[in-house]
Amino acid sequence: MLSRMMPVKNIVHLRRNERKLTEITRHTMSNPSAFYGTVPPPQRLLRPLHVNEKKLFGPGPSNMPPMVVEGLTQPLLGHLHPEFLEIMDDVKSGIQYVFQTNNPLTFAVSGSGHAGMECAIMNLLDQGETILVVQNGVWGQRAADLSDRLGLNVRKLVVPEGEVISVEDFSEAVDNYRPQVAFLCHGESSTGVAHPLERFGDICNAYDCLFLVDVVASLGGAPFHADDLKVDCVYSATQKVLNCPPGLAPISFSEKALKKMLNRKKRVPSFYLDALELGNYWGCFDEPRRYHHTAPISLVYALREGLSFVSQEGIKNLVERHQKNAKLFYAALKELGLEPYVQNEACSEQELVFKFSI
1 MLSRMMPVKN IVHLRRNERK LTEITRHTMS NPSAFYGTVP PPQRLLRPLH VNEKKLFGPG
61 PSNMPPMVVE GLTQPLLGHL HPEFLEIMDD VKSGIQYVFQ TNNPLTFAVS GSGHAGMECA
121 IMNLLDQGET ILVVQNGVWG QRAADLSDRL GLNVRKLVVP EGEVISVEDF SEAVDNYRPQ
181 VAFLCHGESS TGVAHPLERF GDICNAYDCL FLVDVVASLG GAPFHADDLK VDCVYSATQK
241 VLNCPPGLAP ISFSEKALKK MLNRKKRVPS FYLDALELGN YWGCFDEPRR YHHTAPISLV
301 YALREGLSFV SQEGIKNLVE RHQKNAKLFY AALKELGLEP YVQNEACSEQ ELVFKFSI
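First residue of the sequence shown? That's 1 in UniProt numbering, and the numbers climb one at a time after it.
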């Protein structure tokens, strides 16, 4: 039959390939390593993992309370199971509580605080629009760098490290540059500065500018009320005062921010970080939820328990406890002869930074 359908040279070529395939199959069956490869399994992976518990005093991650650890051990659910969607709703309401906001578009980005920063800037601005970045440490620098990569018109308001920007200078910069978004880091962990936020939101609102605030290092350790401060977008991370593992970034957008996002000229360049798609998955809109991505199930459990921990203590009590302990720790370090990096009213009460010689 083959001879009627194909030229002789093609038949010869086909039968030659069949013989080669037969030889390869015989070799593989008699020598399994030829199929699975010759790279052996790493010896360390043949032993169980054991990590000694340490007291963590860095800027994050922090030690987890038992209820958060237990949350991580709960059985997995599917990322669209009704029970898991209810847990997501718990997390959403808990984030609204710690941010002190009623914004419907509130959820947790699957990623670190950097993912929160990128999600915020990417969704709030179209390519070519202007962002004003108050830069007084690493996180202002990072926001400017990220914005530049996104093709935004970046205007920097550079402040010496360890200092804060005055309301007057901020107002003048907003008036000069007329940005669509102004960025400010509340808790600059690289220097230990807690930046005041009062009146900045009013200035942005007067110029039809969205006010974007980073509270990654300050949330839960310093007073913060998003709605009262007229913050249009705020993001944080889970591994600091919330006492959860890193890997999720709580974020919230105001109605004003949502309106701008709905009127974008172009789609958000990242599907994964598209806040409207994520908002649908998190049940932020009055519409059926759609699959967006596979959420980190166990991390969502842990965040739910971390937010439960905060809710049981009360956000006001949590902040006051951190401030009280920070003052005691600050005084003790000064008694040891260490010099604080920030020596004015801008000194953070949740991120203590001291000078020392190496």
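Ideal placement from N, C-alpha and C gives every residue a C-beta, glycine not left out.
query                                                                                                                         : result
Bridge partner(s) assigned by DSSP for Cys-204                                                                                : According to DSSP, which records beta bridges pairwise, Cys-204 is partnered with nothing at all.
Beta-carbon proximity list for Tyr-301, same chain, < 6 Å, skipping 5 on both sides                                           : Gly-71, Gln-74
Best match in Gln-141, Ser-93, Asp-89, Gln-100 for proximity to His-114 [C-alpha to C-alpha]                                  : Gln-141
Beta-carbon contacts of Asp-202 that lie in its chain and below 8 Å, excluding the five residues immediately before and after : Lys-230
Where Met-6 falls: helix, strand or coil (DSSP)                                                                               : Any reading at Met-6 must be qualified, since the residue scores a pLDDT of 49, below 50, and its modelled position is unreliable; no value is offered.
Pro-340 versus Asn-52: straight-line alpha-carbon distance, rounded                                                           : 31 Å
Inter-stretch contact (C-beta, 8 Å, three-pair minimum) for the region 34-48 and the region 214-234                           : no
Sequence-distant residues of its chain with Cβ nearer than 7 Å to Lys-260 (five each side left out)                           : Leu-124, Leu-210
Beta-carbon proximity check, Asn-243 vs Gly-306, cutoff 8 Å                                                                   : yes
Length-filtered (4 minimum) alpha helix (DSSP H) runs lying within the region 91-130                                          : 113-124
Within 8 Å, strictly: CB atoms of Arg-178 and Thr-101                                                                         : no
Opposing strand residues paired with Leu-210 [DSSP bridges]                                                                   : Val-181
Proximity below 8 Å, CB of Ala-194 to CB of Ala-237                                                                           : no
7 Å CB neighbourhood of Leu-146 in its chain, flanking five on each side removed                                              : Met-117, Glu-118, Ile-121
Length at least 4, wholly inside the region 283-314: the alpha helix (DSSP H) runs in chain order                             : 297-313
Option nearest Asp-208 by Cα separation, candidates Asp-232, Gly-283, Phe-285                                                 : Asp-232
Identity of the residue in Ala-144, Asp-169, Ser-189 nearest Glu-161 by Cα                                                    : Ser-189
Residues that DSSP places opposite Glu-188 in a beta bridge                                                                   : Val-193
Val-216 versus Lys-54 - alpha carbon distance                                                                                 : 22 Å
Pro-66, enclosing beta strand (DSSP E) - first and last residue                                                               : Here Pro-66 belongs to no beta strand (DSSP E); instead the alpha helix (DSSP H) covers 66-72.
Buried versus exposed call for Asn-103 [16 or more other C-beta atoms within 10 Å across all chains shown]                    : buried
Residue closest to Leu-299, alpha-carbon to alpha-carbon, out of Thr-106, Gly-58, Val-68                                      : Val-68
Three-state secondary structure assigned by DSSP to Gln-43                                                                    : helix
Proximity of Pro-245 and Pro-61 at Cβ, strictly below 8 Å                                                                     : yes
For Lys-156, the first and last residue of its enclosing alpha helix (DSSP H)                                                 : Lys-156 -> not in any alpha helix (DSSP H); beta strand (DSSP E) instead, spanning 153-158.
Gln-323 - partner residues in DSSP beta bridges                                                                               : According to DSSP, Gln-323 bridges with nothing at all.
Continuous alpha helix (DSSP H) stretch holding Leu-258: start and end                                                        : 255-262
Which residues DSSP lists as bridging Ile-251, in chain order                                                                 : Phe-107, Tyr-235
Residue nearest to Ala-143 in terms of C-alpha spacing, selected from Lys-334, Cys-185, Cys-284, Glu-163                      : Cys-185
Option in Gly-220, Leu-262, Val-167, Asn-176 with minimal Cα separation from Arg-155                                          : Asn-176
Arg-149, enclosing alpha helix (DSSP H) - first and last residue                                                              : 138-149
Element boundaries [alpha helix (DSSP H), containing Asn-280]                                                                 : 275-281
Alpha carbon of Asp-78 to alpha carbon of Phe-84, nearest angstrom                                                            : Note on identity: in this sequence residue 78 is Gly, with Asp being the wrong assignment. In a straight line, the C-alpha of Gly-78 is about 7 Å away from that of Phe-84.
For Ile-251 and Gly-192, the rounded distance between their alpha carbons                                                     : 23 Å
Rounded C-alpha distance that separates Phe-271 from Glu-277                                                                  : 8 Å
Beta bridge counterpart(s) of Ala-331 as assigned by DSSP                                                                     : DSSP output for Ala-331 lists no bridge partner at all.
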